[in-house]
Ligand SMILES: *Cc1c(COP(=O)(O)O)cnc(C)c1O
């Protein structure tokens, strides 16, 4: 973008990254092409060697994907962004690019289940050690650091209990030991939280969630500096190929244009649902950073511009009572996806956290009466009416 174009978030979300083509198209074009043609053998050679800039093959670069990358980088305040086929591909690409045998990772134990499996089941096989620690206490992260620790990995707020990590504290800790801090910013998006400005080195996204916002496409992204992301993560991507499709990039671009408006609406409705649940006699406890009773409410106020769209709550009566709430819904979708215009509900103990042992669940705070709701954009009155049906 030219220096004459404003740099306000709302403007960047709508305008950043677009290069209008010779047809004068107003909306961003989709380029569904696997390769790009050259005008001569010399030009082909120059593009392949990197001596001349330009597209070669869509596993490396694609104009629609580049537009999405540039726009997300602008919103996160990063120098570079690499788009990937899914959120998990973004985490895998980051690890493959930046870690090697003998390295050690400290990871929050409250991260997404597949992230735990990626570290614990797969990266361990290649000689990368990992320790999982409580998200909420920087002193346990500090105690877990070893001389070979290269990466701290957090996801804040966490799923489903909305536990926060103190990003500036973890960044300081990482940098004091020559390590990097990566933050999975899926729940907040850059509309509510910009981890790089708080000191993190890398931001991870599952674009599948709020960046799309309507549950259509899988995608992911890594944002950070030009060296680690623009060179190292990009180098892995172009070699190994977990690349984003141009069509999906276009859907995410359109999602970014309405991201802040949607996140505001998600936050507003989630706050109302959380407050209503907290006053309900059949509800034991509500987990939402926007409630003054949330143990990290003050930290959420400090490092976030809003409290997000995810509310978890524990109903009186355990699994049976929780399932009754799920089964009584007529509007809300029973599905594990989140960050959608459609409100969704899940019972973590028997779905997303169903494959771990009862003891591991207890340690993670996933009780039998716990339900997670991703509050959508329907009328908030209708959402509450639907939840009230099964609460008796
Ligand atoms: C869904 C999710 C992921 C994984 O993203 P995919 O696009 O499904 O691969 C990673 N982190 C968080 C917090 C998620 O919610």
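Numbering (this note's numbering), first residue to last: -17 to 374.
C-beta atoms are modelled at their ideal positions from N, C-alpha and C, and glycine is treated no differently.
Separation of residue j from residue i, as counted between CA atoms
{"i": "residue -16", "j": "residue 208", "result": "The predicted position of residue -16 is uncertain, since its pLDDT is 43 and thus under 50; a value taken from the coordinates is nonetheless stated next. One C-alpha to the other measures close to 19 Å."}
{"i": "residue 96", "j": "residue 104", "result": "11 Å"}
{"i": "residue 356", "j": "residue 175", "result": "18 Å"}
{"i": "residue 178", "j": "residue 166", "result": "11 Å"}
{"i": "residue 135", "j": "residue 22", "result": "46 Å"}
{"i": "residue 274", "j": "residue 289", "result": "11 Å"}
{"i": "residue 228", "j": "residue 9", "result": "14 Å"}
{"i": "residue 24", "j": "residue 239", "result": "40 Å"}
{"i": "residue 350", "j": "residue 42", "result": "46 Å"}
{"i": "residue 158", "j": "residue 132", "result": "11 Å"}
{"i": "residue 235", "j": "residue 198", "result": "13 Å"}
{"i": "residue 6", "j": "residue 0", "result": "12 Å"}
{"i": "residue 278", "j": "residue 148", "result": "9 Å"}
{"i": "residue 237", "j": "residue -9", "result": "14 Å"}
{"i": "residue 283", "j": "residue 18", "result": "48 Å"}
{"i": "residue 81", "j": "residue 39", "result": "26 Å"}
{"i": "residue 32", "j": "residue -2", "result": "25 Å"}
{"i": "residue 250", "j": "residue 117", "result": "26 Å"}
{"i": "residue 359", "j": "residue 70", "result": "26 Å"}
{"i": "residue 109", "j": "residue 298", "result": "45 Å"}
{"i": "residue 455", "j": "residue 328", "result": "Nothing in the structure corresponds to residue 455, since the chain is present only between -17 and 374."}
{"i": "residue 218", "j": "residue 370", "result": "49 Å"}
{"i": "residue 333", "j": "residue 35", "result": "47 Å"}
{"i": "residue 58", "j": "residue 172", "result": "6 Å"}
{"i": "residue 304", "j": "residue 336", "result": "15 Å"}
{"i": "residue 150", "j": "residue 374", "result": "43 Å"}
Closest Cα partner of residue i within the set the options
{"i": "residue 169", "options": "189, 161 and 162", "result": "189"}
{"i": "residue 67", "options": "262, 187 and 251", "result": "187"}
{"i": "residue 225", "options": "48, 309 and 352", "result": "48"}
{"i": "residue -11", "options": "314, 240, 55 and 82", "result": "55"}
{"i": "residue 78", "options": "156, 194 and 216", "result": "216"}
{"i": "residue -4", "options": "92, 232 and 89", "result": "232"}
{"i": "residue 301", "options": "325, 361, 348 and 322", "result": "348"}
{"i": "residue 89", "options": "137, 70 and 107", "result": "137"}
{"i": "residue 220", "options": "7, -6, 37 and 3", "result": "37"}
{"i": "residue 13", "options": "30, 45, -9 and -7", "result": "45"}
{"i": "residue 139", "options": "336, 310, 287 and 364", "result": "287"}
{"i": "residue 86", "options": "99, 335 and 106", "result": "106"}
{"i": "residue -6", "options": "51, 199, 41 and 346", "result": "51"}
{"i": "residue 310", "options": "251, 372 and 269", "result": "372"}
{"i": "residue 322", "options": "343, 292 and 337", "result": "292"}
{"i": "residue 270", "options": "284, 294 and 280", "result": "294"}
{"i": "residue 196", "options": "241, 172 and 183", "result": "241"}
{"i": "residue 16", "options": "223, 214 and 117", "result": "223"}
{"i": "residue 145", "options": "367, 333 and 280", "result": "280"}
{"i": "residue 314", "options": "340, 27, 352 and 361", "result": "361"}
{"i": "residue 73", "options": "245, 191, 184 and 121", "result": "184"}
Beta bridge counterpart(s) of residue i as assigned by DSSP
{"i": "residue 296", "result": "267 and 352"}
{"i": "residue 225", "result": "66"}
{"i": "residue 32", "result": "Answer is none; residue 32 lacks a bridge partner."}
{"i": "residue 137", "result": "166"}
{"i": "residue 328", "result": "354"}
{"i": "residue 405", "result": "Absent from the model: residue 405. The displayed extent of the chain is -17 to 374, so no value can be given."}
{"i": "residue 131", "result": "86"}
{"i": "residue 316", "result": "327"}
{"i": "residue 39", "result": "17"}
Check: residue i C-beta below 6 Å from any heavy atom of ligand 2
{"i": "residue 274", "result": "In the structure shown, ligand 2 is absent; the only ligands present are ligand 1."}
Contact with chain D by residue i, beta-carbon distance below 7 Å
{"i": "residue 266", "result": "This model lacks chain D altogether; it includes just one protein chain."}
The segment 59 to 77 in contact with the segment 207 to 224 per 3-pair CB rule at 8 Å: Contact between the segment 59 to 77 and the segment 207 to 224 is established, with three or more Cβ pairs separated by less than 8 Å.
Unbroken stretches of the alpha helix (DSSP H), 4 residues or longer, contained in the segment 141 to 178: Runs of the alpha helix (DSSP H) inside the segment 141 to 178: 149 to 158 and 171 to 174.
Length at least 3, wholly inside the segment 54 to 114: the beta strand (DSSP E) runs in chain order: For the segment 54 to 114, the continuous beta strand (DSSP E) assignments of 3+ residues that do not extend past its boundaries occur at 62 to 66 and 86 to 90, in sequence order.
Continuous alpha helix (DSSP H) assignments of at least 4 residues falling wholly in the segment 203 to 265: Entirely contained in the segment 203 to 265, the alpha helix (DSSP H) runs reaching 4 residues are, in chain order, 216 to 222, 228 to 239 and 241 to 260.
The segment 248 to 259 contacting the segment 112 to 129, beta-carbon criterion three pairs below 8 Å: No: fewer than three Cβ pairs fall under 8 Å.
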